[in-house]
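Taken in order, these protein sequences are the chains called A and B. Per our numbering, numbering through the first sequence is continuous, rising by one, with the last residue being 339. Per our numbering, numbering through the second sequence is continuous, rising by one, with the last residue being 678. For each residue, glycine too, the CB sits at the ideal point set by N, CA and C.
2 protein chains.
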Amino acid sequence: MRVRLKDVADHAGVSVKTVSNVVNNWEYVTDATRERVQKALDELGYRPNLSARSLRTGRTNLIALALPRLHEPYFAELADCVVRAAEDHGLTVLISQTDGRREREQQVVSGFRPQFIDGLLFSPLALEWDDLEEIPGHPPVVLLGERLAAGGAADHVAVDNVAAAQRATQHLVELGRKRIAVIGAPPSKTARTASLRLEGYKRALRKARIRLDKQLLLPVNQLHRADGAAAMATLLDLAPPPDAVFCFNDLLALGALRTLQERGVAVPSEVAVIGFDDIEESRFCSPSLTTISPDKKALAGLAVAALVQRMSVAPDAAPQELHAGFELVERESTMGRRA
Amino acid sequence: MRVRLKDVADHAGVSVKTVSNVVNNWEYVTDATRERVQKALDELGYRPNLSARSLRTGRTNLIALALPRLHEPYFAELADCVVRAAEDHGLTVLISQTDGRREREQQVVSGFRPQFIDGLLFSPLALEWDDLEEIPGHPPVVLLGERLAAGGAADHVAVDNVAAAQRATQHLVELGRKRIAVIGAPPSKTARTASLRLEGYKRALRKARIRLDKQLLLPVNQLHRADGAAAMATLLDLAPPPDAVFCFNDLLALGALRTLQERGVAVPSEVAVIGFDDIEESRFCSPSLTTISPDKKALAGLAVAALVQRMSVAPDAAPQELHAGFELVERESTMGRRA
């Protein structure tokens, strides 16, 4: 038999209204009461009637997450964190893959009417702010990772890419490397994240009084293993080759490691390698990969919290710029195998 | 200014009705006309008004894909194939992560009302057939990869897991291996895919007249790299250790390779390793991983086509069992580095 709110209220010794407040995640309930009600909900196995709730509140409790590519491990891991963060707010996440194509990105924003979803978390690659402004009645949007090409006014959650890239480059400098190459340099000015990372790299070189050698900056078409492998082959043909490589994501670095192994180049003694993302694979590959680890849980948590704010109490507040933390994770590809 | 169907019709020299038929992907249009209209649609940049279309056809043109874990590369790659296959039918995919928890799986089926989505592709881990029957008015469902625990009547798309596992084991036998271990043996009878793969392994051993040694069958809690690494350590402590390992997915195999490298065990000369899934990582790791490659494109294509059938012409047809192909991909972890 279905457990009703009344059953939970009796079990917890509170009013039905209080149970309802807890179930709907409203704020005017004390922590103690919330805990007592939650315990009763758990013990009785109460499942909310989602469509009734939707009718009552005018909400669907669904949010959408639109990402360029799910089969890139970084996005898949981030999506997982978003699903968990949303669950803490009683929200279910629907994920949509845009391939970074403008047409699909427009469709995501215009296709999700408010009667479908309460809000949208979005990592746009091609969309511009004008596109978003043009679409009447789109749901509240929070940008995750990437900004819109033409600035604009939406909450934006990311790591400090300049500082993180500077930290990565500085690590290679501290190991005594002088010819530090980049794989993943921005192919154009619209590659915003890559441009920020390049800026961090340049700052670290300037601080170490190392001259920038443009030969060592390799752009890539995509941020995949195959692109990293090809770029590394190009770098090894330079005379002299680099003694370190900063790859702008882990996939590129994993491809570069494969080329180094095929060519019989010792890592890290001849070429040290560092990545960016800290995907799970980087802990298990051989040699394991030194990388910048963005705090994905914090990114997801901040993004969902910002969206919940927009959806409820502060739809028209000034847009916020939110930064999640990062750390340098030192592994074998720069530090060598421990004895 | 918005491009209307009338504009496209004028441009292509056909009637508005014909353009509408093409846009709605209806079948009574010749290929030549369809091409001419598509060209006009592309040239004028026509974007369908989705909600108007939805009102007219009673369809949303959204389907949902519910998977256990997006951050497992196999599921992420499969999701990518499903998004592409659905696009060919003019459908947009929303992806939902269930974690394989029964409660979330129930929610997926009951939460997606027909007014949200036209159909559901589903890889259930915990849900039973009764759960699905109990939910009135759920959308058409096609099962992808995993079946429901208690049989039942829905279309099911998968690879032939028994045949594929037999092929993998036979490959190790052909290399002269005698002590072939398994990492990922079913921890319980509800692990249906693992049970099928174990059956294929046993068949290959029987055919080669190799006695089954239960010591060599290692169950795991999860199918992750860390579980594979730990299981490999256990196997290396056996006397004598195995001379080959069949891991029931690539992630387990990648973890096993890491342990072998840490312990200084030569791959494949001392221990040959084979996986299952052919995720992209397996092509780029060192040594690269021999694996069974399920035809993910075919899996996705068959699943979407079956769902489209259910949604339109044959909602009540007898349930089908559909198999996609697979192939053995021989790489360094069993064949060694080529000179």
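Whether residue i touches residue j by CB criterion (8 Å)
i: V162/A; j: L217/A; result: no
i: P633/B; j: E671/B; result: no
i: E280/A; j: P124/A; result: no
i: I292/A; j: R167/A; result: yes
i: T598/B; j: T629/B; result: no
i: F122/A; j: V141/A; result: yes
i: T98/A; j: L67/A; result: yes
i: A9/A; j: V22/A; result: no
i: K296/A; j: E146/A; result: no
i: P525/B; j: P558/B; result: yes
i: V496/B; j: A642/B; result: yes
i: L591/B; j: L551/B; result: no
i: R177/A; j: D250/A; result: no
i: G614/B; j: G594/B; result: no
i: V14/A; j: T33/A; result: yes
i: F116/A; j: F455/B; result: yes
Chain A contact residues for residue i, given Cβ-Cβ distances below 8 Å
i: D419/B; result: R69, L70, H71, Q97
Among the options, the one whose alpha carbon lies nearest that of residue i
i: A226/A; options: G184/A, K202/A, Q106/A, P241/A; result: G184/A
i: V329/A; options: P319/A, T193/A, A164/A, P186/A; result: A164/A
i: A493/B; options: G664/B, Q659/B, A663/B; result: Q659/B
i: S435/B; options: G429/B, L459/B, E416/B, C420/B; result: L459/B
i: V606/B; options: D655/B, F615/B, L596/B; result: L596/B
i: A298/A; options: H11/A, H138/A, H323/A, N249/A; result: H323/A
i: D617/B; options: F587/B, G603/B, A657/B; result: F587/B
i: R192/A; options: V159/A, I210/A, L175/A; result: V159/A
i: A418/B; options: G539/B, L593/B, A639/B, F665/B; result: A639/B
i: V173/A; options: S188/A, V16/A, R203/A; result: R203/A
i: C420/B; options: G228/A, C81/A, K6/A, L70/A; result: L70/A
i: E199/A; options: F246/A, A229/A, M232/A, A230/A; result: F246/A
i: D655/B; options: M571/B, R548/B, R622/B, P478/B; result: P478/B
i: A547/B; options: A570/B, Q509/B, V521/B, E442/B; result: Q509/B
i: R677/B; options: G336/A, R263/A, A230/A; result: R263/A
i: M571/B; options: L344/B, I519/B, R375/B; result: I519/B
i: S312/A; options: A12/A, G100/A, D118/A, V265/A; result: D118/A
i: L91/A; options: G429/B, Q446/B, G664/B, R440/B; result: Q446/B
Cutoff 8 Å: residue i Cβ touching any chain B Cβ
i: F326/A; result: no
i: R101/A; result: no
i: Q261/A; result: yes
C-beta neighbour in chain A for residue i, strict 8 Å
i: V584/B; result: no
i: L593/B; result: yes
i: V422/B; result: yes
i: A391/B; result: With a pLDDT of only 47 at A391/B, under 50, the local geometry of the prediction cannot be trusted, and no value is derived from it.
Partner residues on chain B for residue i, Cβ-Cβ distance less than 7 Å
i: A76/A; result: L409, H410, A415
i: Q38/A; result: Under the 7 Å cutoff, chain B gives no residues; its nearest Cβ is about 15 Å from Q38/A.
i: E350/A; result: Because residue 350/A is not part of the residues shown, which for chain A are 1 to 339, the question remains open.
i: F116/A; result: F455
Amino acids of chain B, ordered along the chain, whose beta-carbon sits closer than 9 Å to that of residue i
i: R225/A; result: E619, E620, R622, F623
Per-residue contacts from residue i into chain A (C-beta, under 7 Å)
i: R597/B; result: F284, S286
Interface partners of residue i on chain B, CB under 8 Å
i: L94/A; result: A403, L433, I434, S435
task = Report yes or no: do the region 593-610 of chain B and the region 573-580 of chain B share at least 3 C-beta pairs separated by less than 8 Å?
result = yes
inquiry  = For the pair the region 83-91 of chain A and the region 297-314 of chain A, tell me if three or more CB-CB distances fall below 8 Å.
reply    = yes
message = Below 8 Å, how does it come out for the region 27-44 of chain A and the region 60-74 of chain A: are there three or more Cβ pairs, yes or no?
response = no
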